[in-house]
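Number of protein chains: 2
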Amino acid sequence: MKAVPMVEFWRGGLLESLHLGHAVICDATGGIVEAWGDPDAVIFPRSACKMIQALPLVESGAADALGVGPSRLALACASHQGAAVHSDLVTRWLGDLGLGENDLRCGPQMPRDHAAMREVLCKGDSPCQIHNNCSGKHTGFLTLARHLGAGPEYHEVDHPVQAAVRQAFEEVTGLASPGYGIDGCSAPNFATTVHGLARAMAFFATAATRSDGRSKAADRLVSAMTAFPELVAGEGRSCTNLMRAMGGKVAVKTGAEAVFVAILPERGIGIALKVLDGADRASEAAITALLIRLGALDPGHPVVKHYLTGPIMNRAGLAVAERRLAPGFAA
Amino acid sequence: MKAVPMVEFWRGGLLESLHLGHAVICDATGGIVEAWGDPDAVIFPRSACKMIQALPLVESGAADALGVGPSRLALACASHQGAAVHSDLVTRWLGDLGLGENDLRCGPQMPRDHAAMREVLCKGDSPCQIHNNCSGKHTGFLTLARHLGAGPEYHEVDHPVQAAVRQAFEEVTGLASPGYGIDGCSAPNFATTVHGLARAMAFFATAATRSDGRSKAADRLVSAMTAFPELVAGEGRSCTNLMRAMGGKVAVKTGAEAVFVAILPERGIGIALKVLDGADRASEAAITALLIRLGALDPGHPVVKHYLTGPIMNRAGLAVAERRLAPGFAA
Numbered sequence: 001m002k003a004v005p006m007v008e009f010w011r012g013g014l015l016e017s018l019h020l021g022h023a024v025i026c027d028a029t030g031g032i033v034e035a036w037g038d039p040d041a042v043i044f045p046r047s048a049c050k051m052i053q054a055l056p057l058v059e060s061g062a063a064d065a066l067g068v069g070p071s072r073l074a075l076a077c078a079s080h081q082g083a084a085v086h087s088d089l090v091t092r093w094l095g096d097l098g099l100g101e102n103d104l105r106c107g108p109q110m111p112r113d114h115a116a117m118r119e120v121l122c123k124g125d126s127p128c129q130i131h132n133n134c135s136g137k138h139t140g141f142l143t144l145a146r147h148l149g150a151g152p153e154y155h156e157v158d159h160p161v162q163a164a165v166r167q168a169f170e171e172v173t174g175l176a177s178p179g180y181g182i183d184g185c186s187a188p189n190f191a192t193t194v195h196g197l198a199r200a201m202a203f204f205a206t207a208a209t210r211s212d213g214r215s216k217a218a219d220r221l222v223s224a225m226t227a228f229p230e231l232v233a234g235e236g237r238s239c240t241n242l243m244r245a246m247g248g249k250v251a252v253k254t255g256a257e258a259v260f261v262a263i264l265p266e267r268g269i270g271i272a273l274k275v276l277d278g279a280d281r282a283s284e285a286a287i288t289a290l291l292i293r294l295g296a297l298d299p300g301h302p303v304v305k306h307y308l309t310g311p312i313m314n315r316a317g318l319a320v321a322e323r324r325l326a327p328g329f330a331a
Numbered sequence: 001m002k003a004v005p006m007v008e009f010w011r012g013g014l015l016e017s018l019h020l021g022h023a024v025i026c027d028a029t030g031g032i033v034e035a036w037g038d039p040d041a042v043i044f045p046r047s048a049c050k051m052i053q054a055l056p057l058v059e060s061g062a063a064d065a066l067g068v069g070p071s072r073l074a075l076a077c078a079s080h081q082g083a084a085v086h087s088d089l090v091t092r093w094l095g096d097l098g099l100g101e102n103d104l105r106c107g108p109q110m111p112r113d114h115a116a117m118r119e120v121l122c123k124g125d126s127p128c129q130i131h132n133n134c135s136g137k138h139t140g141f142l143t144l145a146r147h148l149g150a151g152p153e154y155h156e157v158d159h160p161v162q163a164a165v166r167q168a169f170e171e172v173t174g175l176a177s178p179g180y181g182i183d184g185c186s187a188p189n190f191a192t193t194v195h196g197l198a199r200a201m202a203f204f205a206t207a208a209t210r211s212d213g214r215s216k217a218a219d220r221l222v223s224a225m226t227a228f229p230e231l232v233a234g235e236g237r238s239c240t241n242l243m244r245a246m247g248g249k250v251a252v253k254t255g256a257e258a259v260f261v262a263i264l265p266e267r268g269i270g271i272a273l274k275v276l277d278g279a280d281r282a283s284e285a286a287i288t289a290l291l292i293r294l295g296a297l298d299p300g301h302p303v304v305k306h307y308l309t310g311p312i313m314n315r316a317g318l319a320v321a322e323r324r325l326a327p328g329f330a331a
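If you read the protein sequences in the order shown, they are chains A and B. Take the first sequence: its position 224, counted from the start at 1, is 224 in UniProt numbering, and no numbers get skipped. Take the second sequence: its position 213, counted from the start at 1, is 213 in UniProt numbering, and no numbers get skipped.
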């Protein structure tokens, strides 16, 4: 089965652009509650699986042994925007490990945070690896590497850190990964299906009901994400705004190329979606619609206007376009 | 018929994202030489029809009467990036009309040009309407309004300027417009089909072979675009890079939501394409492929690597992904 229409953009009463995609809602058993498009479509979760990549950090005992508390766990799951709060926390975490920016392998990235970007640009500086949206995940990898007594090239696919990530990834998705790609931050990103990713999110959503080590680790990561929504992304970002709008009851995470996941502990439900063309504007609208459909997000909350129902303004402040859910999707 | 696969993005040997779209190649008669997807799909050309919106400026005699030479005609057809060269020329043009920034209706926009953006950000200024990528088009509208003795609200759909634009638009596309939307710059943007837009581009491509006023105007606009590729967009931008790569023999123009057109005077051919989801990365790859297919662009030119065949690098400088033409498109 193919990707189905999910989100439309209208202008002047005419359909201007259309986004197709796949989405799966999974229950506690990992079974499909509802799906659109092809549940078996193979995708790269990209940053939407950072909480899975952080499982070995906690499950191995590395987090406890090396003083990684909830705010650092939130950063390990984050695609942060390089604001001062993010950079300062990552810098301190690296310092506590006796490490520095040069030990990261994620590459430099201009901060998305306006004030931080302005500071870098206007001082004539260059952005550094700590500004990279994945620097928390990478510092988590360094923490695990230290705990395992493994070498410095933690981003290589055959490194013990990535071997542990792969094992956890395949176990929580319930599938052998059909392959991996190298992510924007140079870490391996293991492929799975949309169903596999939704099943993994259901594993996280039900973690508090189990007492095994991996489930305890998963529950701590979900709690960290919902306790520190501003660390998972940043002010003005969809993950932060959506988690705040749901009062910490749901964890959500986006990934590059328009992947979005949600973890609903109260319902024991996991969601995963991928927009075929990779457009964030569509994955944000689609996850907003699914969270409303599941009763997790109040349709009257201002963020819903921002990501789904509100008009799109032009540079002169006129309402010129609108988003609509495609017929048959999440309505 | 539906949109067809055009451009794929691959990572780690797996297809990660896919862009569908429509494309039409038209000959001198306005007939279809080749098409993909639905030639009758209704689209908003957005900024890809700026050369059509500039026809009345020249055809009316306004350009000659008010000293609008080739560089200003190029700016009238431009989606410039607010670099100093663009802002200075628009400012002077407005000054020659005895007008200023407040007479524009396009709204302010942060320059895309890095140096100009840095200057605005680091001075703590706000961007102004002259920085708006459409400020040249709007100054052209003001010039026509002056020549017609019409009022200041030149962007309103019933204003004589927009009435003249609509008439020219419908005549060169060969279709009554099914409607209009308000563009990012607040000007009306008339809808047409992909075939209609390609037919209009073929009209421009064959303009030099005719002696009527509109054809002479079209030929002057094509010559202005190809003579000043850096004014039509700016350094590093696809329109500028592609026109330079073809040595001024072909005019190309992009529009928001992934529209791209090309005018090939030597072949008497026009091209129009629209990527369904609105992604520029796909419309740039698709127009590059079609220009190569038609023998207008050397497949060995460095820009081809940049927009189509070259690897996609991550933040650490590793080649991590690649674009591919979808089977059956332009290959």
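Beta carbons are placed, not taken as given, at the ideal position from N, Cα and C, and that holds for glycine.
Interface residues of chain A around B/C106 at Cβ under 8 Å? Locating residue 106 of chain B in the second sequence gives position 106, counting from the first residue. The answer, in chain order, is R315 and A316.
Going along the chain, which residues of its own chain have a beta-carbon closer than 8 Å to the beta-carbon of B/E153, five neighbours each way excluded? Taking the second sequence and counting its residues from 1, the one referred to as residue 153 of chain B is at position 153. Excluding residues within five positions, the ones whose Cβ falls inside 8 Å are R105 and H159.
Alpha-carbon spacing of B/A258 relative to A/C128, whole angstroms: Taking the second sequence and counting its residues from 1, the one referred to as residue 258 of chain B is at position 258. Taking the first sequence and counting its residues from 1, the one referred to as residue 128 of chain A is at position 128. Taking the straight line joining both Cα atoms gives about 32 Å.
Could you list which residues in chain A have their beta carbon closer than 7 Å to that of B/C128, in chain order? As a first step, residue 128 of chain B is located in the second sequence; it is residue number 128 there, counting from the start. Identification of chain A residues near B/C128 by a Cβ-Cβ cut-off of 7 Å yields none; the smallest Cβ-Cβ distance measures about 11 Å.
Give me the chain B residues within the contact set of A/L276, using Cβ-Cβ distance strictly less than 7 Å, ordered along the chain. One-based indexing of the first sequence puts residue 276 of chain A at position 276. The contacting residues are S17 and L18.
Please list, in chain order, all residues of the same chain as B/V303 whose beta carbon is under 7 Å from its beta carbon, the five residues on each side excluded. Your numbering for residue 303 of chain B matches position 303 in the second sequence. Cβ within range, chain order: N241, L242 and A245.
Run of the beta strand (DSSP E) containing B/P5, from where it starts to where it stops: Locating residue 5 of chain B in the second sequence gives position 5, where the first residue counts as 1. Looking at the DSSP string, the run of the beta strand (DSSP E) that includes B/P5 is V4 to R11.
Scan the stretch 40-103 of chain A and note each continuous alpha helix (DSSP H) run of 4 residues or more that stays entirely inside, going in chain order. Segments of the alpha helix (DSSP H) lying fully in the stretch 40-103 of chain A: 50-53, 55-59, 62-65, 70-76 and 84-96.
With a cut-off of 8 Å on the beta carbons, I'd call B/F204 and B/I263 a contact; round off their distance for me. For the purposes of this step, residue 204 of chain B is taken as residue 204 along the second sequence, with counting starting at 1. For the purposes of this step, residue 263 of chain B is taken as residue 263 along the second sequence, with counting starting at 1. Between B/I263 and B/F204 the Cβ distance is about 5 Å, and since that is below 8 Å, they are a contact.
For A/H131, which option in A/V261, A/L75, A/F329 and A/L66 has the closest C-alpha, if you only look at C-alpha atoms? Along the first sequence, read from residue 1 onward, the residue named residue 131 of chain A stands at position 131. For the options A/V261, A/L75, A/F329 and A/L66, the alpha carbon positioned closest to that of A/H131 is the one of A/L75.
Using C-beta distances below 7 Å, list every residue in its chain close to A/A208, excluding the 5 sequence neighbours before and after it, in chain order. Translated into the one-based positions of the first sequence, residue 208 of chain A becomes position 208. Within the same chain, and ignoring the five residues on either side of A/A208 in sequence, the residues whose Cβ sits closer than 7 Å to its Cβ are D219 and P265.
Mind checking residue 333 of chain A: buried by the 16 CB within 10 Å criterion, or exposed? Only positions 1 to 331 of chain A appear in the structure, and residue 333 of chain A is not among them; the question remains open.
Nearest-angstrom Cα separation, counted from B/A285 out to B/P299: As a working mapping, residue 299 of chain B is identified with position 299 in the second sequence. As a working mapping, residue 285 of chain B is identified with position 285 in the second sequence. Those two C-alpha atoms are separated by around 12 Å.
Helix, strand or coil: how does DSSP classify residue 332 of chain B here? Not covered by the structure: residue 332 of chain B. The range shown for chain B is 1 to 331.
Per DSSP, the bridge partner or partners of A/I292: For the purposes of this step, residue 292 of chain A is taken as the residue at position 292 of the first sequence. DSSP, once it has assigned bridges, lists no residue as partnering A/I292.
How is A/N189 classed by DSSP in three states: helix, strand or coil? In the first sequence, residue 189 of chain A corresponds to position 189, counting from 1. A/N189 falls in the strand class under three-state DSSP.
Interface flag, A/L325 vs chain B, CB-CB below 8 Å: Translated into the one-based positions of the first sequence, residue 325 of chain A becomes position 325. Nearest CB-CB separation between A/L325 and chain B: not below the 8 Å threshold.
Residue from B/I182, B/K137, B/A198 and B/R146 with nearest C-alpha to B/I32: Taking the second sequence and counting its residues from 1, one reaches residue 32 of chain B at position 32. Nearest C-alpha to B/I32: B/A198.
Does the Cβ-Cβ distance between A/L142 and A/A164 come in under 8 Å? Mapped onto the first sequence, residue 142 of chain A falls at position 142. Mapped onto the first sequence, residue 164 of chain A falls at position 164. Cβ atoms of A/L142 and A/A164: not closer than 8 Å.
Determine the contact status of B/G21 and B/A35, defining contact as a CB-CB distance below 8 Å. Translated into positions along the second sequence, residue 21 of chain B becomes position 21. Translated into positions along the second sequence, residue 35 of chain B becomes position 35. Note that the C-beta distance between B/G21 and B/A35 is not below 8 Å.
Using the Cα positions of B/T193 and A/G236, report the straight-line distance between them to the nearest angstrom. Along the second sequence, one-based indexing puts residue 193 of chain B at 193. Along the first sequence, one-based indexing puts residue 236 of chain A at 236. One C-alpha to the other measures close to 37 Å.
What number of angstroms, rounded off, separates the C-alpha of A/V275 from the C-alpha of A/K50? Locating residue 275 of chain A in the first sequence gives position 275, counting from the first residue. Locating residue 50 of chain A in the first sequence gives position 50, counting from the first residue. Approximately 19 Å, taken between the alpha carbons.
Cβ neighbours of B/Q162 in the same chain (closer than 6 Å, five flanking residues each side left out): If you number the second sequence from 1, residue 162 of chain B lands on position 162. Answer for B/Q162: P188, listed in chain order.
Could you pull out every unbroken alpha helix (DSSP H) segment of at least 4 residues lying fully inside the stretch 147-199 of chain A, listed in chain order? Runs of alpha helix (DSSP H) with 4 or more residues, each lying fully within the stretch 147-199 of chain A, are found at 160-173, listed in chain order.
Grab me the residues of residue 339 of chain A's own chain with a C-beta within less than 7 Å of its C-beta, minus the 5 sequence neighbours each way, in chain order. Because chain A spans 1 through 331 in this model, residue 339 of chain A falls outside it and cannot be assessed.
Would the beta-carbon of A/G107 fall within 8 Å of that of B/R323? Here residue 107 of chain A refers to the residue found at position 107 of the first sequence. Here residue 323 of chain B refers to the residue found at position 323 of the second sequence. Taking 8 Å as the Cβ cut-off, A/G107 and B/R323 do not qualify as a contacting pair.
Alpha carbon to alpha carbon, how far is B/D125 from B/Q109? To locate residue 125 of chain B, count along the second sequence from 1; it is residue 125. To locate residue 109 of chain B, count along the second sequence from 1; it is residue 109. Going by C-alpha positions, B/D125 is about 12 Å away from B/Q109.
Can you name the start and end residues of the alpha helix (DSSP H) that A/M313 belongs to? Along the first sequence, one-based indexing puts residue 313 of chain A at 313. Per DSSP, A/M313 lies in no alpha helix (DSSP H); the unbroken beta strand (DSSP E) holding it starts and ends at P311 to M313.
Mind checking which residues open and close the alpha helix (DSSP H) that includes B/H306? Residue numbering aside, residue 306 of chain B sits at position 306 when the second sequence is read from its first letter. Run containing B/H306: none; DSSP gives neither H nor E here.
Using a Cβ cut-off of 8 Å, pull out every chain A residue sitting near B/C122, in sequence order please. Working through the second sequence from its first residue, we reach residue 122 of chain B at position 122. Chain A residues near B/C122: R118, L121 and C122.
Per DSSP, what are the beta-bridge partners of B/S17 in this structure? Position 17 of the second sequence holds residue 17 of chain B. DSSP lists B/F9 as partners of B/S17.
Can you list, in chain order, the residues of the stretch 248-280 of chain A whose Cβ is nearer than 7 Å to any Cβ on chain B? Answer in chain order: E257, L276, D277, G278 and A279.
Could you check if A/R92 is buried or exposed, using at least 16 other CB atoms within 10 Å of its CB as the buried criterion? Reading the first sequence from its first residue, position 92 is the one you call residue 92 of chain A. When all chains shown are included, A/R92 counts as exposed.
Give the secondary structure of residue 366 of chain A by DSSP, where H, G and I count as helix, E and B as strand, and everything else as coil. Since the first residue of chain A shown is 1 and the last is 331, residue 366 of chain A is not available in this structure.
What does DSSP give as the partner residue(s) for A/R324 in the beta ladder? Looking up residue 324 of chain A in the first sequence gives position 324. Partner residues in the beta bridge of A/R324, as assigned by DSSP, are A/E8.
Say the cut is 7 Å; is the CB of A/G82 nearer than that to a heavy atom of the ligand ATP? Of the ligands one can find in the structure shown there are none, so the ligand ATP has no counterpart to examine.
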